[in-house]
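> Heads up, the working numbering is the position in the sequence shown plus 100, with the first residue counted as 1. Glycine is no exception: its CB is placed at the ideal position from the N, C-alpha and C atoms.
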Amino acid sequence: MDEDQYGTCPYDKSHRIVLFRMPGHIIKCMRNYRGPPLAICKYNATHRLPKEQMDEHLAECVDYLKFHNHKNLKIGLKSRQSPPTE
Ligand SMILES: [Zn+2]
Ligand SMILES: [Zn+2]
101 MDEDQYGTCP YDKSHRIVLF RMPGHIIKCM RNYRGPPLAI CKYNATHRLP
151 KEQMDEHLAE CVDYLKFHNH KNLKIGLKSR QSPPTE
């Protein structure tokens with residue numbers, strides 16, 4: 101059993117969802133969700149969390165890292181700086 105295939109639903113932590121089903125699940129779950137609105141990670145639409153936690157999330161977001169590693173292969177993580185504001 102490969103745990104990596106599963107993720108936790110951002111709208112209900114008790115939902116353990118197979119990753120490839122996550123996008124569809126999130127859309128359904130979002131409709132029933134009654135909590136504060138969640139911000140969507142720019143790098144993976146299935147990553148949703150309160151806006152104030154987004155910086156923290158990006159520090160460990162795999163898709164963010166992939167994206168930036170790919171783009172700045174030579175610069176590497178050592179000199180990672182906050183991206184310019186858009
Ligand atoms: Zn859910
Ligand atoms: Zn993310």
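Just verifying my parser: in three-state terms, what is the DSSP assignment at R131?
The residue given as residue 131 occupies position 31 in the sequence shown. Of the three classes helix, strand and coil, the one that applies to R131 here is helix, per DSSP.
> Can you tell me the Cα-Cα spacing of P136 and K171, whole angstroms?
Indexing the sequence shown from 1 puts residue 136 at position 36. Indexing the sequence shown from 1 puts residue 171 at position 71. Going from the Cα of P136 to the Cα of K171 covers about 34 Å.
> Over the uninterrupted beta strand (DSSP E) stretch that includes Y106, give me the two end residues.
Position 6 of the sequence shown, counted from the first residue, corresponds to residue 106. Segment 106 to 108, the beta strand (DSSP E) holding Y106.
> Count the other CB atoms, across all protein chains shown, that sit within 10 Å of the CB of N107; report buried if there are 16 or more and exposed otherwise.
Counting from 1 along the sequence shown, the entry for residue 107 is found at position 7. In the sequence under discussion, the amino acid at residue 107 is Gly, which differs from the Asn named in the question. So G107 counts as buried.
> Give the range of the beta strand (DSSP E) segment to which R121 is assigned.
Working through the sequence shown from its first residue, we reach residue 121 at position 21. It is not in any beta strand (DSSP E) - R121 carries neither H nor E in the DSSP assignment.
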